[in-house]
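Heads up: the sequence shown is residues 7 to 162, going by the numbering used here. Even glycine gets a Cβ: it sits at the ideal position worked out from N, Cα and C.
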Amino acid sequence: MSAGFVLRVAESEADREACFAVRREVFCVEQGVPEELEYDAYDAGAVHVIAVRDDGVTLGTGRLLTGEAAAVKNGGAQDVGALGRLAVAKAARGLGVGAALVGAIEEAAKERGLSAVDLHAQTHALGFYERLGYEVYGPEFPDAGIPHRAMRKAIG
7 MSAGFVLRVA ESEADREACF AVRREVFCVE QGVPEELEYD AYDAGAVHVI
57 AVRDDGVTLG TGRLLTGEAA AVKNGGAQDV GALGRLAVAK AARGLGVGAA
107 LVGAIEEAAK ERGLSAVDLH AQTHALGFYE RLGYEVYGPE FPDAGIPHRA
157 MRKAIG
């Protein structure tokens, strides 16, 4: 538990819908990402983590891909997880929700025996992930029309 919110793996359909609602607000409404790009076949098998305020309001979410799904995202490494779809509601930004979600996703990766976590960060968020120990690799690339860079952190 963190100040005023709890983190948990989204187990119920209601939790997953709350995760998707935050993603829709952040990525589709705020950033203009088309919904058909935001939701993908990987959502069904992903580990979704959710941050919920003490009064039940969803503050943020992120997901972890493992196995074949992660390997597609990270260049083929089966022991590296893929962190993605990290989204924090506008009203909750600056409260530590994003860093807490990343930590919870890293814990989920460790529990699954993974040695590292990869992610594709929007370039404006590179500093956030660098402060959490992630290192940039590879060239800049567009994803949904937004510049990104690949990053990795060893967790083992």
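Nonlocal neighbours in the same chain, by C-beta distance under 6 angstroms from residue i, ignoring five residues either side
i, result
"L125", "L89 and M157"
"K116", "I161"
"C147", "Checking the sequence, you will find Phe at residue 147 rather than Cys. Closer than 6 angstroms at Cβ, skipping near neighbours: H154."
"A150", "V39 and L43"
Own chain, CB closer than 7 angstroms to residue i, minus 5 neighbours either side, in chain order
i, result
"D85", "L120 and S121"
Residue i: first and last residue of the uninterrupted alpha helix (DSSP H) it sits in
i, result
"D21", "E19 to R29"
"P50", "Here residue 50 turns out to be Ala, not Pro, going by the sequence shown. Element bounds for A50: n/a, residue is neither H nor E."
Boundaries (first-last residue) of the beta strand (DSSP E) holding residue i
i, result
"I56", "V53 to R59"
Pairwise C-alpha distance: residue j and residue i
i, j, result
"A9", "K96", "17 angstroms"
"P40", "P153", "16 angstroms"
"G100", "G81", "32 angstroms"
"D21", "Q37", "23 angstroms"
Integer-rounded CB distance, given that residue j should sit under 8 angstroms from residue i
i, j, result
"F11", "R59", "5 angstroms"
Where residue i falls, given that 16 or more other Cβ within 10 Å makes a residue buried
i, result
"F33", "buried"
"G144", "exposed"
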